[in-house]
Amino acid sequence: MSRFRLPDEVRRGLRDVAPLLIGVAPFGLVAGAAAVDAGLTPLQAVGLSVVVFAGASQLAAIDLFGSNAELLVVVLTGVVINLRMLMYSASIAPHFRALRSAWKSLCAYVLTDQAYALSIARYTDAEAELDPRERRHYYIAVGFSLWAVWQCCTILGIVVGARVPDSWGLAFAVPLVFLSLLIPAITTKPKAIAALVGGGVAVAGDVFAVPLDLGLILGGLAGVAAGVVADELLATSTREADRGGDH
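Residues 20 to 266 (my numbering) are what the sequence shown spells out, left to right.
This is the structure:
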């Protein structure tokens, strides 16, 4: 009697993603609890989590739902936050060229920062010569592990959030999560400038009651623009300093 054995790249993917699942769990719990606190029904909260499946944009959408923002603003905010997925897709697409359309669609659905980072590192490993099936096995193992943990933790957060008295309030949870994501990511001057400008514009939009709750979108766009400009100015300054040193 033969024993069932997972493909090697599935086992490798599960092993590589395991440490990251610990960090995903608390964010899923917060997303579920915050969704209930924002006024979504448990079914709506689960539906949002399954359809969107994107931590930062999901939390932003929940915050906007709690502020009674227009649906178009919620959608645009999610799109702006997830624009980086275009770059991820362009980078990883050549590795999936041999896959069928159905598999490509499935891979696109579970594309996240973690799934991209682990998979691209595995695919570009000089010692790993993977065929299309092995690449698919690795990516699906990583992507759906993240998906399963996120959904389970979101549902648990929904259940817990529904039992929390209104007097406790969970509105503070989403901003705290964003801060925990933002602070470790500020590693360079352009990123710090982008964070300050984007955050400042978003807060100003809320203070001055920008129509349609567009403050968050404007903040995101302003932050990106400020980061790009700051990066270019610093690069130009460095080049000029190098040329001056040559003389």
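Note that the Cβ used here is the ideal one computed from N, Cα and C, for glycine as well.
| query | result |
| --- | --- |
| Can you tell me the Cα-Cα spacing of methionine 20 and isoleucine 81, whole angstroms? | Note that methionine 20 has pLDDT 45, beneath the 50 cutoff, so the model's placement of it is unreliable and the number below is only indicative. Looking at the two C-alpha atoms, the distance is approximately 51 Å. |
| Grab the span of the alpha helix (DSSP H) containing glycine 47 for me, first residue to last. | 27-56 |
| What did DSSP end up calling arginine 116 once you bin it into helix, strand or coil? | coil |
| Check this for me: beta carbons of isoleucine 70 and leucine 83, under 9 Å apart or not? | In the sequence on display, residue 70 carries valine and not isoleucine. Their beta carbons are not under 9 Å apart, which means valine 70 does not touch leucine 83 by this criterion. |
| Does the region 128-143 touch the region 85-101, meaning 3 or more C-beta pairs lie closer than 8 Å? | no |
| Need the endpoints of the alpha helix (DSSP H) that valine 98 sits in, please. | 90-100 |
| Should valine 161 and serine 124 be called a contact, given that it needs their Cβ atoms to be closer than 9 Å? | no |
| Valine 55 and serine 76: beta carbons closer than 9 Å? | no |
| I want to see whether chain B comes within less than 9 Å of glycine 97, judged by CB atoms only; does it? | Here there is only one protein chain, and chain B is not present. |
| If you count every other CB in all the chains shown that lies within 10 Å of the CB of arginine 31, and 16 or more means buried, which is it? | buried |
| Would you give the residue range spanned by the alpha helix (DSSP H) that alanine 64 belongs to? | 61-71 |
| Can you give me the start and stop residues for the alpha helix (DSSP H) that aspartate 150 sits inside? | Run containing aspartate 150: none; DSSP gives neither H nor E here. |
| Give the C-beta separation of proline 209 and alanine 249 to the nearest angstrom, bearing in mind that I take them to be a contact with Cβ-Cβ under 8 Å. | 4 Å |
| Would valine 67 be called buried (16 or more neighbouring beta carbons within 10 Å of its own) or exposed? | It should be noted that the sequence gives leucine, not valine, for residue 67. Buried, because 16 or more other Cβ atoms sit within 10 Å of the Cβ of leucine 67. |
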